[in-house]
Ligand SMILES: [Cu+2]
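Residue numbers (mature numbering (1 follows the signal peptide of the UniProt record, and there is no 0)): -22 to -1, 1 to 600.
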């Protein structure tokens, strides 16, 4: 049955590619070369009298909120995706940069503002940008997930994302959602300031710290080894932890002939004595579970993922992939220098000697410096805080209580889904991640949203797209997930925050009596323990196709992805803006214009023309 469905869906893709110009209505017809450089079609953009602002960010400069305005404003930003040579940890490699920098620049707005972001793709690869944590209410097609909400942006094409921040505020980020591309560099912070921020008076300045794991090899090199029937290793081992794009690699471990400069500059955050700083901490890693702390400075936790929480004091912050927190740090210690520690917790990493880069000379203990104005020019001698948390787990829920209790998840569940996650070696020899026995395979050139808007019944979506379909408007949806394997997984949901009803260790079974219905932790990215359980609830109030997936990028590539098909009876009557639907034509259009370029070098150099071929290759070996 499964095979038949697959055949049908491959046949369907082929038909789509061949006959795409025959698909009626709703979709803008690209009929001449002029349209190849896509322009925006919405009134909003046609009325534009401001240029797109090319942003670049010094992550080591403190900032304050943007000026607050009486009415929301529209902000125009330009993100040019281009490959550049950079040496974040001293080792030079090609980086998939945004506006030439890594991490990508900080995008900022105020609550309610509209963001019009022109993404100009000069990577030489297809790309897309996902705005992690942003609900995209009414703009599902700008969520940036190839295969679900859009076709990838081909090389040499500009695509404009146009969405409002709505009622949201807090710490978000943006990254590519296409074939592990974010691990190569396309990841940056997205901050939404709030005029009504209850903590606004409690800090003088802000900093953003992005945490990331860094590989010296590109994902174009790593993935073909990783997704292979002969691979018996674990997740690829990184070469450095980075704080806001800075780390320090031991160049003795670098291969001969590589460009590696020892003693690369560390991340230094300057503070003034007795000032207070809001640090917005984002784990933008592909894989790494980080532990963050600042020696001799306690952290006052005030935000998790766009939700204000009751202020609580901690010393060390465990933060899993995709998660964000804000902490307030009071620079009230003696003038001096203090280590900032961003340690990749090796205890959450499994390595065997078949693992890609298992002999990495990584220093797991990432370091930065908190430097008081007037301090001497010597090394910090500060003391590290002891550990006071459960390893490889989210902080204790008592530290994550919402500022206002939220009771909307306490009611009758209208839609319930039971999910089992595990790994299994399939007939083709590849170990895949399966969710209810199905490994996600996207159709990049025919995303789910296009299918729904073509009125394909949701239950006829290809089986390997792992659809959770629900259509009760404003109903309470519950997902119970059993993680039937040793790894913990940071599960992230697009388009929503959810209430965490239950997180259970091995043999600690979900029991509704134990659910945290009255005042749950609310977030969009939560850790499920190895062999453990997760129960979450959210409200079906956002028609769209929303990914629900483990944020470990290697697991995404193995198929640990579901898609919510939310309120399809509303979604099917929406109209995809022409510029978004045209992206799908573009790929097909280029197919006619350009001869197929082979996947010829070891970087990710596939042409948009051959996305389908590549995925078919992967599907074949799967
Ligand atoms: Cu995972």
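For glycine and all other residues, C-beta sits at the position ideal for the given N, C-alpha and C.
Query, Result
"With H, G and I counted as helix, E and B as strand and the rest as coil, what does DSSP make of residue 44?", "coil"
"Using only the alpha-carbon positions, how far apart do residue 276 and residue 410 sit?", "42 Å"
"Please name the residue or residues paired with residue 69 in a DSSP beta bridge.", "238"
"Would you mind sorting residue 267 into buried or exposed? The rule is 16 or more other CB atoms within 10 Å of its CB.", "buried"
"Could you tell me the distance, in whole angstroms, from the CA atom of residue 100 to the CA atom of residue 376?", "46 Å"
"Would a C-beta distance cut-off of 8 Å place residue 479 and residue 493 closer than the cut-off?", "yes"
"Starting from the C-beta of residue 319, find all residues in its chain whose C-beta is less than 6 Å away, skip the five residues before and the five after it, and write them out in chain order.", "271"
"Three or more beta-carbon pairs under 8 Å between the region 436 to 448 and the region 411 to 422, yes or no?", "yes"
"Once DSSP output is grouped into helix, strand and coil, what is the label at residue 486?", "coil"
"Does at least one heavy atom of ligand 1 sit under 7 Å from the Cβ of residue 538?", "yes"
"Evaluate the contact criterion for the region 496 to 503 versus the region 279 to 287: three or more CB pairs, one atom per stretch, below 8 Å.", "yes"
"To test your reading of the DSSP string, which unbroken beta strand (DSSP E) runs of 3 or more residues are found completely within the region 392 to 480?", "409 to 413, 445 to 448, 454 to 461 and 467 to 471"
"For the structure I just gave you, are there three or more beta carbon pairs, one from the region 210 to 218 and one from the region 331 to 338, closer than 8 Å?", "yes"
"Can you have a look at residue 547 and say buried or exposed, based on whether 16 or more other CB atoms are within 10 angstroms of its CB?", "exposed"
"Does residue 339 pass the burial test, meaning 16 or more other C-beta atoms within 10 Å, or should it be called exposed?", "exposed"
"Exposed or buried, what is residue 394 when buried is set at 16 or more other beta-carbons lying within 10 Å of its beta-carbon?", "exposed"
"Leaving aside the five residues before and after residue 392 along the sequence, list all residues of the same chain whose C-beta is less than 8 Å from its C-beta, in chain order.", "448, 450, 453, 454, 455 and 518"
"Which of helix, strand or coil does DSSP assign to residue 369?", "coil"
"May I ask you to list the residues that DSSP assigns as paired with residue 153?", "108 and 165"
"Do you know offhand how far residue 389's Cα is from residue 516's?", "11 Å"
"So which residues touch the region around ligand 1, with touch meaning a C-beta under 5 Å from any heavy atom?", "467, 528, 530 and 533"
"Classify residue 433: buried if its beta carbon has 16 or more other beta carbons within 10 angstroms, exposed otherwise.", "exposed"
"Round the Cβ separation of residue 184 and residue 41 to the nearest angstrom and send it over; I've been treating them as touching at under 8 Å.", "5 Å"
"Given this structure, state the Cα-to-Cα distance separating residue 258 from residue 128, to the nearest angstrom.", "30 Å"
"Provide the residue span of the alpha helix (DSSP H) that contains residue 510, from first to last.", "No alpha helix (DSSP H) holds residue 510; DSSP gives it neither H nor E."
"Does the distance from the CB of residue 529 to the CB of residue 435 come in under 8 Å?", "no"
"Between the beta-carbon of residue 150 and the beta-carbon of residue 112, is there less than 8 Å?", "yes"
"What three-state label does DSSP hand residue 384 in the structure shown?", "coil"
"Does DSSP classify residue 78 as helix, strand or coil?", "coil"
"Rounded to a whole number of angstroms, what is the C-alpha to C-alpha distance between residue 521 and residue 131?", "23 Å"
"Skipping 5 residues on each side, what residues in its chain have a beta carbon closer than 7 Å to that of residue 210?", "332"
"Between residue 117 and the rest of its own chain, which residues show a CB-CB distance below 6 Å, the 5 nearest in sequence each way excluded?", "141"
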